[in-house]
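Undergrad:
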Amino acid sequence: MALNYTFVDWDLITSFVIDAFKGYGIPEEDAKICADILIESDRRGIESHGVNRFKPIYLDRIKAGIQNPVTNFEIIRETPTTAVVDGHDGMGQVVGYKSMKMAIEKAKKYGMGMVAARNSTHYGIAGYYPLMACKENCIGITGTNARPSIAPTFGVENMLGTNPLTFGMPTDEDFPFVIDCATSITQRGKLEYYERIGKETPAGMVIGRDGSALTDTSYILKALVSGEAALAPLGGIGEELAGYKGYGYATVVEILSAALQAGNYLKMLTGIGENGEKVPYHLGHFFIAIDTEAFMGADSFKKTAGNILRELRNSQKAPGQDRIFTAGEKEHDVWLYRKDRGLPVNEAVQKELIAVRDELGLTQYKFPFEA
């Protein structure tokens, strides 16, 4: 299905998203954090977590009363190198930003820092937080649990969230190494994007209660909520394609997102109450920062990391392939392409942006796709 995109200037879309978040009751400084994390996803070409999700994941949840626009960031427990915080169902991006900032500050003082968060909400693109660490010459690690989507190996019931396990490492190149992916074979955000563009889900990504592969994206999104479908773990269904590895790593993220902070987990994260009503998700996250200067020095680390990545990219290529990538490189390429062009906005999102603008009376904004 062909899509019509219009590029929107970065300053324009950023100002609009900030003002729209403010219109929904988010304080200005928090709105800037939320907007930056949201739009960073589009800068890196990860549309599944960018402006595509602005209205349905954030604004609609605030309107539904299951997410608080004002974030009460409470420190529950703290040591020199660790902390436990409670987000009280505020903006997940604000919880994530402040938590990683705290972890970095601890790492700069003591070499390592870790913060565990509970009672949070969707915190946007996970890769944003390790990028924060990389800018300070730190290794950054984060993960989050989520509403149940993944079936355990040999199971068909959605039990685990898509649970990304995300690493960022500074290098001596123009971009850091950042691996940011779900522990499922795909994620709900990508399925939501498929639905928007009218694309079927490739067979093998989603399993039905009868064990069959599902491909109808609209049905899948409903069935994931009702429990009639589940995502396959990274690697695939069963043991033959090593799906147990994705299942295992998803469980690691679940434990670190719940056990350290005495938070919610598994079926407690459905977002659906006893009577079928929408309720807060109460998600958990964790953030780790490791100061490379505390080992053999930041310059040494970055040079070795860069050498490793360059050797990988320069290794022998498969027939018909002209390039080998390392994690974070494709995203950097997208930014180089988009930085002077702007954010590509498809027709479905164009309608949502117009609707939000008109609802809030932000008449100072006129988008290029309205011409």
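Read in numbering that gives the first Met the number 0, the sequence shown has 352 at position 353, and its numbers run on one by one without any break. We treat Cβ as the ideally placed atom computed from N, Cα and C, and that holds for glycine.
(1) Between Gly49 and the rest of its own chain, which residues show a CB-CB distance below 7 Å, the 5 nearest in sequence each way excluded?
(2) Report the three-state DSSP secondary structure of Tyr243 (helix, strand or coil).
(3) In the DSSP assignment, find the unbroken alpha helix (DSSP H) run with Ile17 in it and report its ends.
(4) Do you know offhand how far Ala222's Cα is from Lys301's?
(5) Per DSSP, what kind of secondary structure is Arg117 in: helix, strand or coil?
(6) On the CB-based measure, 16 or more other CB atoms within 10 Å of its CB, does Pro68 come out buried or exposed?
(7) I'd like the list of long-range same chain contacts for Ala30, defined as Cβ closer than 7 Å, with 5 residues on each side in sequence excluded.
(8) State the beta-bridge partners of Pro232 as determined by DSSP.
(9) If you measure from the CB of Val50, is any heavy atom of the ligand MG nearer than 6 Å?
(10) Contact check, Tyr4 vs Pro343 under 8 Å by CB: the rounded distance?
(11) Pick from Gly123, Lys105 and Lys338: whose alpha carbon is nearest that of Phe54?
(12) Which value, in whole angstroms, describes the spacing of the CA atoms of His331 and Thr325?
(13) For Val251, count neighbouring C-beta atoms within 10 Å of its own C-beta (all shown protein chains included) and say buried if the count is 16 or more, exposed if not.
(14) Would Ala132 and Gly139 be called neighbours here (beta carbons separated by less than 7 Å)?
(15) Considering just the uninterrupted stretch of the beta strand (DSSP E) at Phe300, what are its terminal residues?
(16) Could you check how far apart the C-beta atoms of Ala115 and Val83 are, in whole angstroms? I think they sit under 8 Å.
(17) Name the one or two DSSP bridge partners that Ala288 has.
(18) Nearest-angstrom Cα distance between Ser314 and Ile323?
(19) Taking the alpha carbon of Trp334 as the reference point, which residue from Lys107, Thr13, Gly44 and Gly126 has its own alpha carbon closest?
(20) Applying the 10 Å Cβ sphere with the 16-neighbour rule, what's the burial state of Gly272?
(21) Threshold first: 4 residues or longer. Then list the alpha helix (DSSP H) segments lying entirely within the stretch 153-206, N to C.
(22) For Asp357, does the count of other Cβ atoms within 10 angstroms reach 16, so buried, or fall short, so exposed?
(23) Excluding five sequence neighbours on each side, which residues of the same chain lie with their C-beta closer than 8 Å to the C-beta of Met0?
(24) Going by alpha carbons, who is nearest to Cys137 out of Ala102, Tyr192 and Ala125?
(25) Can you tell me whether Asn274 is buried or exposed? The criterion is at least 16 other CB atoms within 10 Å of its CB, across all chains shown.
(26) Kindly indicate the opening and closing residues of the beta strand (DSSP E) around Asp85.
(27) Between Gly24 and Thr70, what straight-line distance do the alpha-carbon atoms span, to the nearest angstrom?
(28) Can you look up Ala212 in the DSSP assignment and give me helix, strand or coil?
(29) Taking the alpha-carbon positions, what's the Asp339 to Glu346 distance?
(30) Can you round the beta-carbon distance between Asn162 and Ala150 to whole angstroms, since I take them to be within the 8 Å contact cut?
(31) By alpha-carbon positions, which one of Glu46, Pro318 and Val278 ends up nearest to Lys62?
(32) State the CB to CB distance for the pair Ala231 and Gly203, rounded to an integer number of angstroms; the pair is presumed to be in contact (CB under 8 Å).
(33) Using three-state DSSP, classify Pro343 as helix, strand or coil.
(34) Among residues of its own chain, excluding the 5 on either side of Ile184, which ones have a beta-carbon nearer than 6 Å to its beta-carbon?
TA: The short version:
(1) As a first step, residue 49 must be located in the sequence shown, where it is residue number 50. Contacts found: Leu37, Ile38, Ser40 and Asp41.
(2) Reading the sequence shown from its first residue, position 244 is the one you call residue 243. DSSP, read as helix, strand or coil, puts Tyr243 in helix.
(3) For the purposes of this step, residue 17 is identified with residue 18 of the sequence shown, where counting begins at 1. Note, Ile17: alpha helix (DSSP H), Trp9 to Gly22.
(4) On the sequence shown, position 223 is the one that residue 222 refers to. On the sequence shown, position 302 is the one that residue 301 refers to. Going by the C-alpha atoms only, they are around 45 Å apart.
(5) By 1-based counting over the sequence shown, the position of residue 117 is 118. Correct three-state label for Arg117: strand.
(6) For this step, residue 68 is matched to residue 69 along the sequence shown. Under this definition Pro68 is a buried residue.
(7) Stepping through the sequence shown from its first residue, residue 30 is reached at position 31. The residues are Ile17, Phe20 and Lys21.
(8) Translated into the one-based positions of the sequence shown, residue 232 becomes position 233. Note: Pro232 sits in a beta bridge opposite Ser183.
(9) Inclusion of the ligand MG in the displayed structure is not the case, the ligand content being empty and no account of it being possible.
(10) Here residue 4 refers to the residue found at position 5 of the sequence shown. Here residue 343 refers to the residue found at position 344 of the sequence shown. About 4 Å separates the two Cβ atoms, so the contact holds.
(11) If you number the sequence shown from 1, residue 54 lands on position 55. First, the residue type needs correcting, since residue 54 is Lys and not Phe in the sequence shown. When Gly123, Lys105 and Lys338 are compared, the shortest CA-CA separation from Lys54 is found for Gly123.
(12) By 1-based counting over the sequence shown, the position of residue 331 is 332. By 1-based counting over the sequence shown, the position of residue 325 is 326. A straight-line Cα-Cα distance of about 11 Å links His331 and Thr325.
(13) Along the sequence shown, read from residue 1 onward, the residue named residue 251 stands at position 252. So Val251 ends up on the exposed side.
(14) Within the sequence shown, numbered from 1, the residue matching residue 132 stands at position 133. Within the sequence shown, numbered from 1, the residue matching residue 139 stands at position 140. Closer than 7 Å, so yes.
(15) Taking the sequence shown and counting its residues from 1, the one referred to as residue 300 is at position 301. Phe300 -> not in any beta strand (DSSP E); alpha helix (DSSP H) instead, spanning Ala297 to Arg312.
(16) Translated into the one-based positions of the sequence shown, residue 115 becomes position 116. Translated into the one-based positions of the sequence shown, residue 83 becomes position 84. Right, their Cβ atoms sit about 5 Å apart.
(17) For this step, residue 288 is matched to residue 289 along the sequence shown. The partner list for Ala288 (beta bridge, DSSP) reads Gly112 and Gly139.
(18) If you number the sequence shown from 1, residue 314 lands on position 315. If you number the sequence shown from 1, residue 323 lands on position 324. Ser314 and Ile323 have their alpha carbons spaced roughly 8 Å apart.
(19) Position 335 of the sequence shown holds residue 334. Of Lys107, Thr13, Gly44 and Gly126, the residue nearest in Cα terms is Gly44.
(20) Residue numbering aside, residue 272 sits at position 273 when the sequence shown is read from its first letter. The residue is exposed, with fewer than 16 neighbouring Cβ atoms inside 10 Å.
(21) 187-196
(22) To locate residue 357, count along the sequence shown from 1; it is residue 358. So Asp357 counts as exposed.
(23) Position 1 of the sequence shown, counted from the first residue, corresponds to residue 0. Note that Met0 has pLDDT 43, beneath the 50 cutoff, so the model's placement of it is unreliable and no number is given.
(24) Translated into positions along the sequence shown, residue 137 becomes position 138. Ranking the options by Cα distance to Cys137, first place goes to Ala102.
(25) Locating residue 274 in the sequence shown gives position 275, counting from the first residue. Exposed is the call here.
(26) The sequence position of residue 85 within the sequence shown is 86, counting from 1. Its beta strand (DSSP E) spans residues Thr81 to Asp85.
(27) Mapped onto the sequence shown, residue 24 falls at position 25. Mapped onto the sequence shown, residue 70 falls at position 71. Rounded to the nearest angstrom, the two C-alpha atoms are 11 Å apart.
(28) By one-based count along the sequence shown, residue 212 stands at place 213. In the structure shown, Ala212 sits in a strand (DSSP, three-state: E or B).
(29) Translated into positions along the sequence shown, residue 339 becomes position 340. Translated into positions along the sequence shown, residue 346 becomes position 347. Cα to Cα, the separation comes out at about 21 Å.
(30) Working through the sequence shown from its first residue, we reach residue 162 at position 163. Working through the sequence shown from its first residue, we reach residue 150 at position 151. With 8 Å as the limit, Asn162 and Ala150 do not qualify as a contact, their Cβ atoms being about 13 Å apart.
(31) Position 63 of the sequence shown, counting from 1, holds the residue named residue 62. Among Glu46, Pro318 and Val278, the Cα nearest to that of Lys62 is on Val278.
(32) Here residue 231 refers to the residue found at position 232 of the sequence shown. Here residue 203 refers to the residue found at position 204 of the sequence shown. With a Cβ gap of about 7 Å, Ala231 and Gly203 count as contacting.
(33) The count along the sequence shown starts at 1 and reaches residue 343 at position 344. Here Pro343 sits in strand by DSSP.
(34) Here residue 184 refers to the residue found at position 185 of the sequence shown. These residues qualify, in order along the chain: Met204, Ala231 and Leu233.
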